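Heads up, the sequence shown is in my numbering, so the first residue is 459 and it goes up one at a time. Beta carbons: idealized from backbone N, C-alpha and C, even for Gly. Bear in mind that the values here come from a model prediction, so they are computed numbers and not experimental data.
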Amino acid sequence: MPDVLADLATTLALSEGETTSIPVCNRSVLPSLDKCDHKNSNSITIPTNDEEDWRTPLIEYLKHGEEVLEAMIEAYSGICGARQSGPKLHFRIKRMFYYWLTMVKDCLKYVKKCYSCQLYTNFIHQPLEPLHPIVASWPFDAWGLDIVGPITPKSSAGHIYILATIRVNISEEMG
């Protein structure tokens, strides 16, 4: 409200002695809490009886979330493509128009339990660190590597390329 009045004051150019009235409306949408009557307020209760009604499947779904596991199995098993890691599985399930609050955590947990992924995944059991260049052990010693091919006819083993390695000692060649 003060900003509106300040903007209005800068736009009005009144001469001295001239006055104008600006009506200020102060209306709130919700009544203040001290004026509310809590005794007559609406409250919603759900009776817990054993009879079956239309809300029971919804309550069971919210309690157990069996469709969550079905959606993860369907998206991960290969129906929607190849098996993916946890975050990619999360995005794939979102593309299937499913969503729940613990989606990322559930996807990561589900992927970690996959036996075949545990068995066939390439694991690097080393901490990440920068690469270190290897220094040659002898100053003028070098190796040459050459790939020749494709060759015809194929070798008896069916190979079409030849890998040739050459060890060169530069100091012997130069003199």
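Distance CB(residue i)-CB(residue j) smaller than 7 Å
i: C565; j: H590; result: no
i: Y578; j: M530; result: no
i: G607; j: I618; result: yes
i: I517; j: A533; result: no
Nearest-angstrom Cα separation, counted from residue j out to residue i
i: Q542; j: W558; result: 19 Å
i: S479; j: L472; result: 12 Å
i: C572; j: S535; result: 10 Å
i: Y519; j: E528; result: 12 Å
i: V526; j: V562; result: 12 Å
i: I592; j: I605; result: 23 Å
i: A615; j: T560; result: 54 Å
i: K546; j: E587; result: 26 Å
i: S574; j: D511; result: 43 Å
i: T514; j: R553; result: 28 Å
i: W601; j: Q576; result: 39 Å
Beta-ladder partner(s) of residue i, from DSSP
i: W601; result: R625
i: I620; result: V606
Buried or exposed by the 16-neighbour rule on C-beta atoms within 10 Å, applied to residue i
i: A622; result: exposed
Proximity to residue i [Cα-Cα], best of the options
i: E524; options: T477, E510 and Y556; result: Y556
i: T610; options: P585, S574 and I620; result: I620
i: K570; options: R553, G544 and L586; result: G544
Residue i: CB within 6 Å of a non-hydrogen atom of the ligand NAP
i: V562; result: Although the ligand NAP was asked about, the structure shown includes no ligands whatsoever.
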